[in-house]
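The structure appears below as C-alpha cells.
Protein chains: 2
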Amino acid sequence: MAENLSVLGKARAEYKPKLPKSLRNGPLKALINSGKATESVRDQEKIKDLFPNTYGAPVLTFDASEEKQTAGGPLNVGVVLSGGQAPGGHNVIAGIFDGIKAVIGGSKLYGFLGGPSGLEEGKYIEIDRALMDKYRNTGGFDIIQSGRTKLESTAQFDKCIEVAKKLDLNAIVIIGGDDSNTNAAVLAEYFMAKKVSCSVIGCPKTIDGDLKNEYIETSFGFDTAVKTYSELIGNIERDANSARKYWHFIKLMGRSASHIGLEAALQTRPNICLISEEIKEKKMTLEQVVFSIVDIIVARYGAGKNFGVALIPEGLVEFIPEFGTLISELNEALAHNEAEIKNAGKTPDMAEAACKHISEASAKLLKSLPEGIQLQLMLDRDPHGNVQVSLIETEKLLIEMVAKELKVRAFKGKFGALSHFFGYEGRCAAPSNFDADYCYSLGYAASVLVLHKKTGYMASVRNLTAGIENWTAGGVPTTMMMNIERRHGADKPVIQKALVDLNGKPFKYFAEHRNDWAKGEEYLYPGPIQYFGPSEVCDITNYTLMLERNAIK
Amino acid sequence: MAENLSVLGKARAEYKPKLPKSLRNGPLKALINSGKATESVRDQEKIKDLFPNTYGAPVLTFDASEEKQTAGGPLNVGVVLSGGQAPGGHNVIAGIFDGIKAVIGGSKLYGFLGGPSGLEEGKYIEIDRALMDKYRNTGGFDIIQSGRTKLESTAQFDKCIEVAKKLDLNAIVIIGGDDSNTNAAVLAEYFMAKKVSCSVIGCPKTIDGDLKNEYIETSFGFDTAVKTYSELIGNIERDANSARKYWHFIKLMGRSASHIGLEAALQTRPNICLISEEIKEKKMTLEQVVFSIVDIIVARYGAGKNFGVALIPEGLVEFIPEFGTLISELNEALAHNEAEIKNAGKTPDMAEAACKHISEASAKLLKSLPEGIQLQLMLDRDPHGNVQVSLIETEKLLIEMVAKELKVRAFKGKFGALSHFFGYEGRCAAPSNFDADYCYSLGYAASVLVLHKKTGYMASVRNLTAGIENWTAGGVPTTMMMNIERRHGADKPVIQKALVDLNGKPFKYFAEHRNDWAKGEEYLYPGPIQYFGPSEVCDITNYTLMLERNAIK
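The structure is reproduced here in C-alpha cells:
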C-alpha cells in the first residue's frame with residue numbers, strides 16, 4: 002500500500018507506445034521526402050510578408066530507410082507545454098526524449114517549467130531517463146507543468162534567444178493549441194531572421210478538437226478526454242433510465258467549438274445535444290434554444306418518460322447572436338455608466354438601470370434571464386471591464402429557463418433537473434492507447450524534424466484511421482495553415498480554428514439520428530477506457546475522426 | 002455505428018462471472034451446512050418477540066458436493082430492486098436466473114417493475130433468456146427499474162401475498178439496502194405467520210458501504226462506485242498538480258456514512274478528506290471544520306503550493322453537532338412562527354426574525370452561514386415541514402466559509418476554488434470484475450436458499466479477499482443483524498447501520514498518513530476500471546475491504 006503508483010499506473014508504465022513504420026528504425030533511418038513549395042490557406046501575400054524566411058516550406062513525409070544517416074553532434078532540445086492540459090502530453094515528451102537519445106548518446110532534453118514563461122525566463126530542468134520513465138503513458142502536464150503566458154513580443158523573443166544560446170539548443174518544441182502554435186511559427190521566423198540556429202517545432206494539442214485541418218487530422222488529447230466524458234455521460238444515461246425521474250443537464254468543457262459535445266453525443270446518443278455552431282448558423286435566440294429543449298421534454302413526458310439527458314457545450318452563449326449583442330452592449334453601458342447601474346440596488350433595479358443604456362431587444366433578453374445570471378452579467382467583469390462569459394453557468398441558466406417555460410405551458414409533470422459540468426475530470430486522464438501512440442509518434446516525428454534542422458513546422462502524423470501500420474509521419478509548415486484574422490482590433494496571422502462543420506459527416510450523422518435519440522432511450526454506454534483488452538475495444542479511436550476519414554459509415 | 006452496444010459493452014457481455022467453488026457444480030450439488038441457532042446483535046428479547054417464526058435460524062454455508070439432489074418442481078421467483086442504483090444489480094438477477102434454471106428447466110423469474118411498488122401492485126415482467134442476456138455485466142437497474150416505496154404495512158404485505166399466490170411464487174428476492182432488507186425480513190416473518198409458502202430472501206446492496214457486519218463483508222456496488230469516483234478524483238488531482246492554481250472541493254455521494262470518501266482517499270491520497278464520523282466523535286463545530294481546511298491551505302501556500310484537492314462526504318453537515326441542533330431548532334421555529342419569519346423580507350431580515358426563536362448558539366451559527374444557505378435552510382422544506390439537509394451544497398458552503406476565513410487571516414494568495422459533486426457518475430457504472438463476480442455469486446446463492454425453502458435470510462458471500470477460489474457462499478438470518486432503534490418516535494427493529502469505525506484499520510491507515518498527504522502531492526491516480534488486463538489490475542478489490550480483512554498492511 003505504500004507504493005507511489007496505483008496498480009494500473011504500474012502496469013501502464015510498461016506500455017510501449019507504437020510508432021508508424023517510417024519511425025520504427027529510429028530517427029537516423031527516417032528518410033525525408035519533401036513536397037512542393039506551399040501556400041497559406043488564405044491571405045497568401047500577407048502571410049508571406051509576415052514570414053519571409055519560413056513561408057512556402059514544403060510538406061515533409063518520412064519513409065523508413067535501411068541506410069543510416071550520420072548523426073552529427075548531440076542534440077539539445079527544450080520542450081514547453083503551453084495552455085490547458087490534454088491527455089498524452091507526457092508521451093509527446095517521451096517521443097522527443099527517445100528520438101533524440103536514439104540519434105546519439107549525449108543528446109539532452111530540457112523541460113521549461115510552468116509553460117512559455119519558463120522558456121522566456123530560462124527556468125528549466127533537464128529531463129533524464131529516471132524522470133522520463135516516471136511519466137510514460139500518464140496523464141497531466143505535471144512533469145514540467147504548463148502555463149498560459151503568450152510569447153508574442155520581440156522583447157520576449159529576444160529573451161528566448163538568450164536562453165537558446167545559453168543552453169546551446171538545437172531546437173525548441175512547443176506543445177500547444179492554435180495560438181501557441183501560431184506563436185511558435187512567429188518565433189521560428191524571428192529566429193531565422195536573427196540567424197539563430199535553433200529550430201522551433203510545434204505539436205498540436207487541445208482537448209477541444211478545434212486544431213485540425215487537412216494535415217493535422219486531430220489534436221492530441223481530444224480522444225481520451227471525450228472518452229472519459231462519455232464514460233460518465235453513459236453512466237448518467239443509465240442512471241436516468243433506471244431512476245426515470247431526472248433530467249440531467251451536462252455541460253462539457255470546450256472554449257468555443259462543440260466538437261467535444263458532438264463526439265460525446267455520437268458515443269452516448271443522449272436525448273439532446275446542443276451544437277453551438279448550428280445555433281449560430283440558424284441565428285437562434287435563447288428563447289428558441291429553450292423551446293427546442295422544452296419541446297423534447299414535453300414530448301417525452303407525453304410518452305411516459307419524464308427523464309432524459311441533455312449535453313450543453315460550454316461555449317454556447319457566445320454563439321447565440323442576441324446574447325453576443327447583449328454582452329457587447331452591456332460592456333459599453335457599464336464602461337460609461339457603471340456608477341449609475343451599480344448604485345441602483347439589487348436586481349430588478351440594477352437591471353432596470355442597465356436597460357436604459359442598451360437596445361430594446363437586449364433589455365428584453367436581459368430581463369428574461371434568471372436574477373442570478375443578470376447580476377453576474379453586470380457584476381462579474383474581467384480586468385478589462387468585460388463581462389466574463391465563461392463564468393456563466395449555462396447548464397443552470399438553461400434549467401431555470403426551461404422550468405419557467407414548462408410552467409407557462411402548464412406542464413403536468415415534476416421537472417427534476419440535475420446539473421453536471423465535466424472538464425477537469427478528463428483533461429488529465431491517462432491517454433488512451435490511441436493518444437498514447439499518437440503523442441509518442443508526434444514527439445518522435447518532432448525529433449526527426451529537429452535532426453534535420455527543420456523550423457517553423459508542426460509535427461504531423463496522418464492516416465490515423467488506417468491502423469498504425471499505415472500511419473504516416475512528417476512535418477507541415479505552420480504558415481500553410483494560417484490566415485489573417487481580426488483580433489483585438491488588429492490584423493494577425495493565425496492558424497484557422499476548426500469549428501464544427503455543419504456539412505461534415507460527424508454533424509450530419511448526428512443530425513440524422515437526433516430525433517430518434519430524443520424520443521427513445523437509444524443510449525450507448527461506452528464504459529471506461531480499456532488498455533489491455535481486445536484491439537477493437539482498446540485501440541479504437543473516436544467517431545469524429547472515423548467519420549471524417551470515411552473509416553465508418 | 003448502428004450497433005446498440007458500445008464496443009466495450011459487446012466485449013463485456015461475453016464475460017462469465019466466476020463463482021465460489023461451492024456453487025460451481027450448480028445449485029443441486031450445493032450442500033447446505035447449518036450452524037447453531039443464532040441471536041440478534043442486540044435487544045434479543047424484543048427482536049425475538051417481533052420475529053417469533055424466523056428468529057434464531059442458523060447461519061448456512063454451502064459446500065460443493067458430488068451428490069445431486071432431486072429438483073422437485075420448477076421454481077417461480079420474483080425479484081425486486083429497491084432504492085438507489087448500485088453497480089452489479091443486473092448480475093444478482095443473472096445469478097438468480099442461472100441458478101433456478103440450473104435447478105430445473107421451466108423455472109421462471111419474474112421482475113417486479115419500478116421497485117417494491119411493483120411487487121405490491123403486481124406489476125411485473127417475466128425475465129427470459131433473451132432479456133437477461135442483454136443485461137449481463139452491465140450497470141444500472143434499467144432491466145426492471147427501481148423505486149423507493151417502503152413495504153411496511155400489513156395492508157401492503159397482504160397485497161404481496163395476493164401477488165405471490167397469483168404467480169405461484171416459491172420466493173421473492175429483494176435487492177436493497179439496510180431498510181429494504183429489514184422490511185424483507187418483516188415480510189418473511191409475515192408470510193410465515195400467515196402460512197404463505199413463499200420465501201423472502203434479501204441481497205445486500207448499496208454504494209454507501211454501510212450495510213456490512215461480520216457476515217456481510219461488503220455491500221455490492223461500493224467497489225465499482227468508489228473506483229469510478231477515484232478515477233475522476235485522480236484525474237482532478239493530476240490536473241491540480243499540473244495547473245497548480247486551483248483548490249478542488251469534491252463532494253461525494255453517500256447519505257450518511259463516509260465509507261465512500263474514506264475509500265476514495267485511500268485510493269487517491271488527496272490533501273484533505275473529511276470523515277463525518279470523526280467530526281461527530283470530536284464534536285467539532287463548523288468553524289473548526291473550516292479552520293482545519295484553512296490551516297492546510299495556508300500551510301501549502303507557504304510552501305509555494307497554492308492548490309490542492311479536498312474530499313467532502315455528502316452527509317457532512319448532519320454530523321456536525323451544532324448544525325444538527327440548528328436544524329432541529331429551525332424546524333421548531335418555522336413550525337410555530339412561519340408567517341413571521343417568512344414575511345420578514347430577505348436575509349438578513351429573515352434570519353433576524355428566525356433568530357428570535359432559536360438558541361443563541363444556533364443564531365450565531367445561522368448568521369455565520371453564507372446568505373444562500375441561510376435562505377435555503379429557512380425556505381426549502383420537505384412535505385413534513387422539515388429543513389432539507391440533503392439540498393445543502395456542502396462543497397460550496399465550505400468554499401465560501403473558507404474564503405471568508407482566508408480573508409480574516411489576510412491570506413496573500415488567490416484562493417481559486419472549484420467544486421464538483423460525484424454521485425450519479427458512479428451509481429450506474431458497469432460492475433468491476435469484483436462486483437460482477439460478487440453479485441452473480443450472491444444471486445446464485447439466493448437461488449440455493451430458494452431451492453431449500455429458506456426464508457428470512459440474506460444471501461451471503463464471504464472470505465472475499467482470499468481469491469474467488471476460497472470465497473464461501475451461504476445465507477445469514479436477517480434477524481441476526483438487527484437491533485432496536487428509535488425511528489420517527491417509535492421503536493423499530495432495524496439492521497444496524499455500519500458507520501466508519503474510527504478504530505478500524507481503514508480509518509487508522511488514513512489517519513496515520515493524512516498529514517503527509519496534506520503537505521505533499523502523494524496523489525495516486527487509479528485510472529479507469531480495467532476488465533481485461535493483468536489480474537492484479539482487474540480483480541483487485543478495494544482498500545477498505547482489504548484492510549478490514551487483514552489482506553494488506
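Going line by line, the protein sequences match chains E and L. Counted the way the numbering used here counts, the first sequence spans residues 2 to 554. Counted the way the numbering used here counts, the second sequence spans residues 2 to 554. Virtual Cβ for every residue (Gly too), placed ideally from N, Cα, C. This structure is a prediction, so every number in the text was calculated from the model and none was measured.
- [ ] Please state whether DSSP places E:Cys204 in a helix, a strand or coil.
- [x] Annotated three-state conformation of E:Cys204 is strand, per DSSP.
Task: Rounded separation between E:Leu287 and E:Gln375 - CA only - done: Taking the straight line from one Cα to the other gives about 14 angstroms.
Open item on the list: Mapping the DSSP letters down to three states, classify L:Ala241 as helix, strand or coil.
Closed with: The answer is helix: DSSP assigns L:Ala241 an H, G or I state.
Task: Cα-Cα separation between E:Phe282 and E:Glu486, rounded to whole angstroms - done: Note on identity: in this sequence residue 282 of chain E is Glu, with Phe being the wrong assignment. Straight-line Cα distance between these residues: approximately 20 angstroms.
Task: Proximity test, L:Arg550 beta-carbon vs the ligand SAM heavy atom, cut-off 6 angstroms - done: Looking at this structure, you won't find the ligand SAM or any other ligand, since it has none at all.
- [ ] Verify the CB distance criterion: does L:Ala431 have a CB-CB separation below 7 angstroms to chain E?
- [x] Closer than 7 angstroms: yes.
Task: Three-pair Cβ contact test at 8 angstroms for the region 415-432 of chain L versus the region 69-84 of chain L - done: Taking 8 angstroms as the limit for Cβ pairs, the verdict is that the region 69-84 of chain L does not touch the region 415-432 of chain L.
TODO: Find the residues of chain E that neighbour L:Pro562, judging by a C-beta separation of less than 9 angstroms, and give them in chain order.
DONE: Absent from the model: residue 562 of chain L. The displayed extent of chain L is 2 to 554, so no value can be given.
Task: Interface flag, E:Phe508 vs chain L, CB-CB below 7 angstroms - done: Closer than 7 angstroms: no.
Task: Own chain partners of L:Asp179 with C-beta closer than 6 angstroms, once the 5 adjacent residues on each side are dropped - done: Counting only Cβ-Cβ distances below 6 angstroms, and skipping sequence neighbours, we find Leu212, Ile496 and Lys498.
- [ ] Indicate whether the contact test is met: 3 or more Cβ pairs, each with one atom in the region 54-73 of chain E and one in the region 26-44 of chain E, closer than 8 angstroms.
- [x] Enough Cβ pairs lie closer than 8 angstroms, so yes.
Task: Same chain, Cβ closer than 6 angstroms to L:Cys274, five either side skipped, listed in chain order - done: If we look at L:Cys274 and ignore the five residues flanking it on each side, its Cβ neighbours are Gly262, Ala266 and Leu312.
Task: Cβ neighbours of L:Gly115 in the same chain (closer than 6 angstroms, five flanking residues each side left out) - done: So the qualifying residues of the chain are Gln146 and Gly148.
TODO: Put L:Pro18 into one of helix, strand or coil per three-state DSSP.
DONE: Of the three classes helix, strand and coil, the one that applies to L:Pro18 here is coil, per DSSP.
TODO: Could you name the residues of the same chain whose beta carbon sits closer than 7 angstroms to that of E:Arg43, not counting the 5 residues immediately before and after it, in chain order?
DONE: Result list for E:Arg43: Asn484, in chain order.
Open item on the list: Is the separation between the beta-carbon of E:Met547 and that of E:Thr466 shorter than 7 angstroms?
Closed with: Cβ distance < 7 angstroms, so E:Met547 and E:Thr466 count as in contact.
Task: Coil, strand or helix - E:Thr473 by DSSP - done: Strand at E:Thr473.
Open item on the list: For a contact defined as C-beta to C-beta under 9 angstroms, what are the partners of L:Ser442 on chain E?
Closed with: Correct list: empty, because the minimum Cβ distance to chain E is about 22 angstroms.
- [ ] Can you give me the Cβ contacts of L:Ala144 inside the same chain, cut-off strictly under 6 angstroms, excluding the 5 residues immediately before and after it?
- [x] Checking the displayed sequence, the identity of residue 144 of chain L turns out to be Ile instead of Ala. Within the same chain, L:Ile144 has close Cβ partners His91 and Tyr136.
Open item on the list: On the DSSP letters alone, give me the boundaries of the alpha helix (DSSP H) that L:Pro322 sits inside.
Closed with: Start and end: Pro322 to Lys343.
Open item on the list: Under DSSP, the alpha helix (DSSP H) around E:Lys283 begins and ends at which residues?
Closed with: From DSSP, E:Lys283 is part of no alpha helix (DSSP H); its letter is neither H nor E.
- [ ] Mind checking who E:Ala311 pairs with in its DSSP beta bridge?
- [x] Per DSSP, E:Phe250 and E:Ile273.
- [ ] Below 8 angstroms CB to CB, which residues in the same chain sit around E:Arg410 once its five sequence neighbours on both sides are set aside?
- [x] Once the five neighbours on either side are set aside, the close Cβ partners of E:Arg410 are Val295 and Val299.
Open item on the list: I need the boundaries of the beta strand (DSSP E) containing E:Phe113, first residue and last residue.
Closed with: Per DSSP, E:Phe113 belongs to the beta strand (DSSP E) from Lys109 to Phe113.
Task: From L:Gly210, L:Arg550, L:Arg256 and L:Asn236, residue whose alpha carbon lies closest to that of L:Thr225 - done: When each option's Cα is compared against that of L:Thr225, the closest is L:Gly210.
Task: Start and end residues, beta strand (DSSP E) containing E:Pro494 - done: It spans Ala491 to Ile496 - the beta strand (DSSP E) in which E:Pro494 sits, taken as one unbroken run.
Open item on the list: Could you check whether the Cβ of L:Glu426 sits closer than 7 angstroms to any Cβ belonging to chain E?
Closed with: The beta carbon of L:Glu426 falls within 7 angstroms of a beta carbon belonging to chain E, placing the residue at that interface.
Task: Where L:Gly468 falls: helix, strand or coil (DSSP) - done: Here L:Gly468 sits in coil by DSSP.
Open item on the list: Do E:Gln268 and E:Ser220 count as a contact pair if the criterion is CB distance below 7 angstroms?
Closed with: Taking 7 angstroms as the Cβ cut-off, E:Ser220 and E:Gln268 do not qualify as a contacting pair.
Open item on the list: Check whether chain E comes within 7 angstroms of L:Gly84, counting only Cβ atoms and requiring the distance to be less than that.
Closed with: Chain E, which has no Cβ nearer than 7 angstroms to the Cβ of L:Gly84, makes this no.
- [ ] For L:Gly203, count neighbouring C-beta atoms within 10 Å of its own C-beta (all shown protein chains included) and say buried if the count is 16 or more, exposed if not.
- [x] By the 10 Å Cβ count, L:Gly203 comes out buried.
Task: Whether L:Phe158 touches L:Tyr125 by CB criterion (7 angstroms) - done: No, they are not a contact pair.
Task: Top-ranked residue by Cα proximity to L:Thr132, from L:Ile94, L:Ser108, L:Asn77 and L:Pro529 - done: In the sequence under discussion, the amino acid at residue 132 of chain L is Leu, which differs from the Thr named in the question. Answer by Cα proximity: L:Ile94.
TODO: Note the first and the last residue of the continuous alpha helix (DSSP H) segment covering L:Leu287.
DONE: Where L:Leu287 is concerned, the enclosing alpha helix (DSSP H) stretches over Leu287 to Gly303.
Task: Three-way DSSP call (helix, strand, coil) for E:Thr139 in this model - done: E:Thr139 falls in the coil class under three-state DSSP.
Task: C-beta contact flag for E:Pro117 and E:Leu170 at 7 angstroms - done: With a cutoff of 7 angstroms on beta-carbon distance, E:Pro117 and E:Leu170 are scored as not near each other.
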